[in-house]
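Novice:
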């Protein structure tokens, strides 16, 4: 599916058309529960957003129409507070990679080479390389919203803020 988060609302005058196959194939619900012309339900709202809206309410016809109008309102006027998640990452631009590579090739490594015990060698190696890694690739934090698309990167958010 190209747009998995897409939602759908199909509404209008369906003149006694059997919409059961549309409802089934698209996993929609028909939410109008009252007749819109005499005793017939001709004007329909089919959607997968029914949980986010109140039940439709009939209103008088508009102009010369004989059909009732339908008022379909959002269930809540306040947005739910979504929890933000702080994620930390380490960007690796070319300049930082060159700096780290330069450090690796120019470091004397005496703390590792002059020690006899393998375990101590390993601990020294990890300690030294970790310190260089943290220095060359400093951590950055970014706030991520649960509904952000995977492509919504921090620099895109900055561009959007600058535009507004």
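Numbering (this note's numbering), first residue to last: 255 to 418.
Glycine residues also receive a C-beta, built at the ideal position from the N, C-alpha and C atoms.
(1) Let me know if residue 371 comes out buried or exposed under the rule of 16 or more other beta-carbons within 10 Å of its beta-carbon.
(2) Rounded to a whole number of angstroms, what is the C-alpha to C-alpha distance between residue 367 and residue 356?
(3) Could you tell me the alpha carbon to alpha carbon distance between residue 293 and residue 261, rounded to whole angstroms?
(4) Enumerated in chain order, which unbroken segments of the beta strand (DSSP E) with a length of 3 residues or greater are wholly contained in the stretch 291 to 350?
(5) Could you please give the first and the last residue of the uninterrupted beta strand (DSSP E) stretch that includes residue 394?
(6) With a threshold of 8 Å on Cβ separation, who are the neighbours of residue 281 within its own chain once the five nearest residues in sequence on each side are excluded?
(7) Which residues mark the beginning and the end of the beta strand (DSSP E) in which residue 263 is found?
(8) Going by beta-carbon coordinates alone, are residue 299 and residue 279 separated by less than 9 Å?
(9) Just mark residue 325 as buried or exposed, buried being the case when its beta carbon has 16 or more other beta carbons within 10 Å.
(10) Can you tell me whether residue 290 is buried or exposed? The criterion is at least 16 other CB atoms within 10 Å of its CB, across all chains shown.
(11) Comparing alpha-carbon positions, which option in 311, 277, 270, 373 lies nearest residue 286?
(12) Beta-carbon within less than 8 Å of residue 304's beta-carbon, same chain only, minus the 5 sequence neighbours each way: which residues are those?
(13) How big is the Cα-Cα spacing for residue 463 and residue 344?
(14) Rounded to whole angstroms, what is the Cα-Cα separation between residue 376 and residue 385?
(15) The alpha helix (DSSP H) that contains residue 380, what's its start and end?
(16) Which residue or residues does DSSP assign as beta-bridge partners of residue 284?
Specialist: A quick look at the data gives this:
(1) exposed
(2) 19 Å
(3) 30 Å
(4) 297 to 301, 311 to 313, 323 to 325, 339 to 343
(5) 394 to 398
(6) 302
(7) 263 to 267
(8) no
(9) exposed
(10) buried
(11) 311
(12) 283, 285
(13) Outside the shown range of the chain, which is 255 to 418, sits residue 463, and nothing can be said about it.
(14) 14 Å
(15) 372 to 390
(16) 300
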